[in-house]
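Notes follow the structure.
In UniProt numbering, the protein residues as written are 1 to 212.
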């Protein structure tokens with residue numbers, strides 16, 4: 001009986017600190033998450049392209065909008081986002097044919113912004129993409145394509161000032177930077193300054209930039 005009692009006491013003395021440690025760690029994690037949520041100043045803006053945008057191609061050509069959800073309005077939003085860059089733009093996109101985007105990148109480069117573009121090798125060989133890639137080269141914009149036509153580079157995101165803890169931002173989603181995507185596809189894109197998302201996407205970009 002004494003041995004059983006001693007075993008029980010020893011077990012209690014061993015188990016109680018472990019349980020207490022687990023409870024305290026769990027409480028600490030909960031408090032940390034609560035503080036992070038309180039300090040989080042991230043914003044998230046989502047844009048969707050659907051059948052409401054399927055008549056917007058003339059608006060891109062004529063530079064006029066049909067409302068806040070118009071493809072032209074949303075393109076202008078993305079162009080302002082890109083144009084806000086002060087130090088760097090790291091764009092990774094499967095296909096880029098919009099001349100408006102190419103010109104915005106060139107303007108940023110002329111201001112001394114470090115502009116880098118990664119695109120898919122196969123898509124980069126299409127006539128519209130080739131025109132933009134030649135334009136990039138002419139305007140001192142560094143670009144790379146995926147190493148093989150057998151490996152699709154299907155990312156679609158653009159990092160703005162990703163090393164700036166205050167001014168960093170990104171847009172990402174399913175949207176290619178093409179007229180087709182803006183006016184004929186069902187697409188979604190998110191704009192945010194969430195640093196964790198930006199950090200992860202930046203790591204992916206740097207890995208591909210070094211590898212390609």
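Even for Gly, the Cβ is constructed at its ideal location relative to N, Cα and C.
Rounded straight-line distance, which links the Cα of residue j to that of residue i
i           : j           : result
residue 30  : residue 79  : 40 Å
residue 161 : residue 25  : 36 Å
residue 71  : residue 172 : 16 Å
residue 182 : residue 49  : 7 Å
residue 174 : residue 61  : 23 Å
residue 76  : residue 88  : 19 Å
residue 207 : residue 66  : 41 Å
residue 86  : residue 158 : 14 Å
residue 167 : residue 19  : 43 Å
residue 64  : residue 185 : 20 Å
residue 139 : residue 27  : 55 Å
residue 40  : residue 125 : 42 Å
residue 96  : residue 22  : 51 Å
residue 52  : residue 209 : 37 Å
residue 253 : residue 143 : As displayed, the chain neither begins before 1 nor continues past 212, which places residue 253 out of reach and without an answer.
residue 201 : residue 127 : 29 Å
residue 133 : residue 180 : 19 Å
residue 164 : residue 199 : 11 Å
8 Å contact criterion, which residue i and residue j should meet: CB distance rounded
i           : j           : result
residue 178 : residue 98  : 6 Å
residue 205 : residue 131 : About 24 Å separates the two Cβ atoms, so there is no contact after all.
residue 117 : residue 136 : 6 Å
residue 108 : residue 83  : 7 Å
residue 155 : residue 94  : 7 Å
Nonlocal neighbours in the same chain, by C-beta distance under 6 Å from residue i, ignoring five residues either side
i           : result
residue 121 : 145, 146, 149
residue 46  : 190
residue 115 : 89, 105, 108, 109, 141
residue 153 : 120, 146
residue 73  : 65
Residue i - partner residues in DSSP beta bridges
i           : result
residue 188 : 48
residue 177 : 96
residue 118 : 92, 144
Per-residue DSSP class, three states only, for residue i
i           : result
residue 111 : coil
residue 103 : helix
residue 82  : helix
residue 183 : helix
residue 202 : helix
residue 91  : strand
residue 219 : Nothing in the structure corresponds to residue 219, since the chain is present only between 1 and 212.
residue 169 : strand
residue 124 : helix
residue 154 : coil
residue 41  : coil
residue 63  : coil
Beta-carbon proximity list for residue i, same chain, < 8 Å, skipping 5 on both sides
i           : result
residue 42  : 192, 193, 194, 195
residue 188 : 46, 47, 48, 49, 173, 174, 175
7 Å Cβ shell around residue i - same chain, five flanking residues per side excluded
i           : result
residue 100 : 75, 79
residue 197 : 170
Min CB distance residue i to chain C below 8 Å
i           : result
residue 180 : Structure shown: chain C not included; a single protein chain is present.
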